[in-house]
Amino acid sequence: MTLVPDRAVPPEQAAREEDLIARVRASFDSCRDPRLKELMQALVKHLHAFLREVRLTEEEWSRAIEFLTAVGHVTDDRRQEFILLSDTLGASMQTVTINNEAHGDATEATVFGPFFAEGSPRIEPGGDMSFGAAGEPCWVEGTVTGVDGDPVPGARIEVWEADGDGLYDVQYGDGRVAARAHLFTGADGSYRFWGVTPTPYPIPHDGPVGRMLEATGRSPMRASHLHFMVEAPSYRTLVTHIFVRGDELLDSDAVFGVRESLVKDFERRPAGTPTPDGRVVDGTWTKVRFDIVLAPAGV
Ligand code: BEZ
Ligand code: FE
304 MTLVPDRAVP PEQAAREEDL IARVRASFDS CRDPRLKELM QALVKHLHAF
354 LREVRLTEEE WSRAIEFLTA VGHVTDDRRQ EFILLSDTLG ASMQTVTINN
404 EAHGDATEAT VFGPFFAEGS PRIEPGGDMS FGAAGEPCWV EGTVTGVDGD
454 PVPGARIEVW EADGDGLYDV QYGDGRVAAR AHLFTGADGS YRFWGVTPTP
504 YPIPHDGPVG RMLEATGRSP MRASHLHFMV EAPSYRTLVT HIFVRGDELL
554 DSDAVFGVRE SLVKDFERRP AGTPTPDGRV VDGTWTKVRF DIVLAPAGV
């Protein structure tokens with residue numbers, strides 16, 4: 304029978320535990336880097352508070368070490384299981400939130416994710432970033448402005464997404480480049496391009512993080528989304544996505560990336576409806592507007 308630890312700790316026991324915390328924290332007192340000292344002492348404070356709150360058993364401690372070891376073993380140059388762990392614990396999203404402070408109407412940031420790739424092809428305004436990726440065509444348009452409403456010409460917009468089968472090009476392992484591109488805003492701050500309508504897909508869940516999700520009854524699915532990174536001189540770089548209104552995964556995104564302000568209407572048009580640029584599309588297509596507001600650099 305497993306004994307449930309008694310959470311009411313007698314004073315003598317509490318004194319021993321608190322003495323240990325004080326000694327571990329004091330071991331960093333002479334750290335010459337004040338920020339490192341602050342980080343380590345706060346880490347010790349919160350880590351010990353967790354251990355004491357849950358009255359961690361030695362068996363649970365061993366299981367935790369085994370889990371972290373497995374996370375390390377599966378991590379290599381291409382797979383970063385520690386970031387995935389941070390993502391699924393909401394730590395990535397909290398760090399993004401802390402470091403992208405609300406500023407006027409500036410567009411909210413969200414997680415970067417593991418599927419950005421350097422060196423995407425450039426497309427011209429109205430170009431097609433799908434490069435043959437499977438999926439329903441989607442017309443995306445909007446503007447990039449500052450919080451004062453002034454247009455931001457020449458802003459570099461990187462866009463990337465999974466294809467209609469829920470896979471990024473890099474997951475095929477055949478070197479293809481599809482459903483990713485970069486483009487620049489025009490003199491009036493506007494942009495437009497063709498992509499594919501986002502579909503839901505799971506985060507990599509064949510490793511220890513997937514086992515953690517399974518053991519805790521959580522889903523690995525991400526809400527359907529299209530990634531953006533927007534850069535312009537004198538503005539804070541924005542890393543974000545837009546999500547599809549009506550997607551049933553909006554409330555259970557595996558990495559807590561959804562913000563209400565980023566949920567957009569992807570309006571579906573019947574086959575045969577004329578497209579904004581006269582392109583002939585075989586079946587249905589969707590249209591979404593995303594007006595991006597950049598915060599000034601340094602806020
Ligand atoms: C993604 O957006 O593709 C993603 C983000 C975080 C973890 C895994 C995947
Ligand atoms: Fe993604």
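Everything in the sequence shown is counted per this note's numbering, starting at 304 for the first residue and increasing by one. For every residue, glycine included, the Cβ atom is placed at its ideal position computed from N, Cα and C.
Quick one: what's residue i bridged to in DSSP?
i: residue 463; result: 483, 530
i: residue 504; result: 525
i: residue 570; result: 590
i: residue 670; result: Nothing about residue 670 can be read from this structure; the chain reaches only from 304 to 602.
i: residue 454; result: 448
i: residue 547; result: 567
i: residue 541; result: 533
i: residue 425; result: 485
i: residue 431; result: 497
Along the chain, where does the alpha helix (DSSP H) containing residue i start, and where does it finish?
i: residue 513; result: 511 to 518
i: residue 375; result: 361 to 377
i: residue 493; result: Unbroken run through residue 493 is the beta strand (DSSP E), 493 to 499; no alpha helix (DSSP H).
i: residue 413; result: Per DSSP, residue 413 belongs to no alpha helix (DSSP H) and is neither H nor E.
i: residue 337; result: 337 to 357
i: residue 396; result: 394 to 402
i: residue 314; result: 314 to 329
i: residue 389; result: 384 to 391
Return the Cβ separation of residue i and residue j in integer angstroms, given the expectation that the two are a contact with Cβ distance under 8 Å.
i: residue 543; j: residue 413; result: 5 Å
i: residue 355; j: residue 315; result: The pair is not a contact, with the Cβ atoms about 15 Å apart (cut-off 8 Å).
i: residue 388; j: residue 374; result: 6 Å
i: residue 498; j: residue 441; result: 5 Å
i: residue 511; j: residue 377; result: 6 Å
i: residue 546; j: residue 527; result: 7 Å
i: residue 462; j: residue 531; result: 6 Å
i: residue 591; j: residue 443; result: 5 Å
Can you find a heavy atom of the ligand FE that lies under 8 Å from the Cβ of residue i?
i: residue 471; result: yes
i: residue 464; result: yes
i: residue 508; result: no
i: residue 406; result: no
i: residue 528; result: yes
i: residue 544; result: yes
Using the beta-carbon count (16 or more within 10 Å), is residue i buried or exposed?
i: residue 438; result: buried
i: residue 598; result: buried
i: residue 529; result: buried
i: residue 475; result: exposed
i: residue 395; result: buried
i: residue 447; result: buried
i: residue 501; result: buried
i: residue 565; result: buried
i: residue 308; result: Because residue 308 carries a pLDDT of 48, less than 50, the predicted location of this residue cannot be relied on, and the following value inherits that uncertainty. Label assigned to residue 308: exposed.
i: residue 357; result: exposed
i: residue 363; result: exposed
Report yes or no: is there a C-beta of chain C within less than 9 Å of the C-beta of residue i?
i: residue 389; result: Within the model displayed, chain C is absent; a lone protein chain is all it includes.
Need the endpoints of the beta strand (DSSP E) that residue i sits in, please.
i: residue 440; result: 440 to 449
Self-check item: Chain-ordered list of residues that sit, by beta carbon, closer than 6 Å to a heavy atom of the ligand GDP
Solution: Looking for the ligand GDP in the displayed structure turns up nothing; the ligands present are the ligand BEZ and the ligand FE.
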